[in-house]
Amino acid sequence: MDFNLQAGAGFYSGSDSDGLHLNFALTYRISVIEVGGFAETGGEPFGESFSGVGATAGVAWRSPVGLRLSLAGSFGQHSYTGVGSPGWDDGPGVDGNTLFVGARAGASWIFGPGPVHFELGLAVAVEHDVTKESVPYSSIHDPVYMGETHLISIGTTLVPVSLLRLGITCDAL
Numbered sequence: 006m007d008f009n010l011q012a013g014a015g016f017y018s019g020s021d022s023d024g025l026h027l028n029f030a031l032t033y034r035i036s037v038i039e040v041g042g043f044a045e046t047g048g049e050p051f052g053e054s055f056s057g058v059g060a061t062a063g064v065a066w067r068s069p070v071g072l073r074l075s076l077a078g079s080f081g082q083h084s085y086t087g088v089g090s091p092g093w094d095d096g097p098g099v100d101g102n103t104l105f106v107g108a109r110a111g112a113s114w115i116f117g118p119g120p121v122h123f124e125l126g127l128a129v130a131v132e133h134d135v136t137k138e139s140v141p142y143s144s145i146h147d148p149v150y151m152g153e154t155h156l157i158s159i160g161t162t163l164v165p166v167s168l169l170r171l172g173i174t175c176d177a178l
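So the sequence shown is numbered by my numbering: it starts at 6 and just counts up by one.
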């Protein structure tokens, strides 16, 4: 049994954008069953960005020597800002919210004797927005539409990768 708090940094890739990604997660493990929640944010410099909150449930295994592996399903909500904004001096883009489902996997190494341990690892996730939003948008800065109204779709499939995850694991009694 343990509690696990982690912060991660890396990148994400989506169907129409790529950028930097940060996330925070808190989980509780009993035997091999693990449940928890997370918050994340990401974005392109001078472009669109997103934030999300979600819950996870899955399996986690911790070896006696320090290896920890986890695999979980997830669901939650993404909030997007600046979608359709092609750059820092162009129109502001549009904002919207979507619901997502996904999967998360992680591998880490737990250091030191208990009951509180330092943890270092990496993680990857796939998050698919199951709801999509089409938002009307008009900008005089847009060289393609020159002020005409058109629809911008909000919602994608994101693949966040945490190349570095730092954490603390607390053994529960």
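Ideal Cβ placement from N, Cα and C applies to all residues, glycine included.
If you're wondering where the values come from, they're calculated on a predicted model, not measured in any experiment.
{"Item": "C-alpha distance - residue 110 paired with residue 74, whole-angstrom precision", "Value": "8 Å"}
{"Item": "Nearest candidate by alpha-carbon position, reference residue 175, set 18, 14, 85, 31", "Value": "31"}
{"Item": "Same chain, Cβ closer than 7 Å to residue 153, five either side skipped, listed in chain order", "Value": "143"}
{"Item": "Start-end ranges of the beta strand (DSSP E) lying completely within the region 81-141, minimum 3 residues", "Value": "99-116, 121-134"}
{"Item": "Pairwise C-alpha distance: residue 165 and residue 129", "Value": "6 Å"}
{"Item": "Rounded straight-line distance, which links the Cα of residue 57 to that of residue 135", "Value": "14 Å"}
{"Item": "Touching by the beta-carbon criterion (3+ pairs, under 8 Å), the region 111-125 and the region 82-90", "Value": "no"}
{"Item": "Closest by C-alpha distance to residue 47, when choosing among 156, 14, 64, 72", "Value": "14"}
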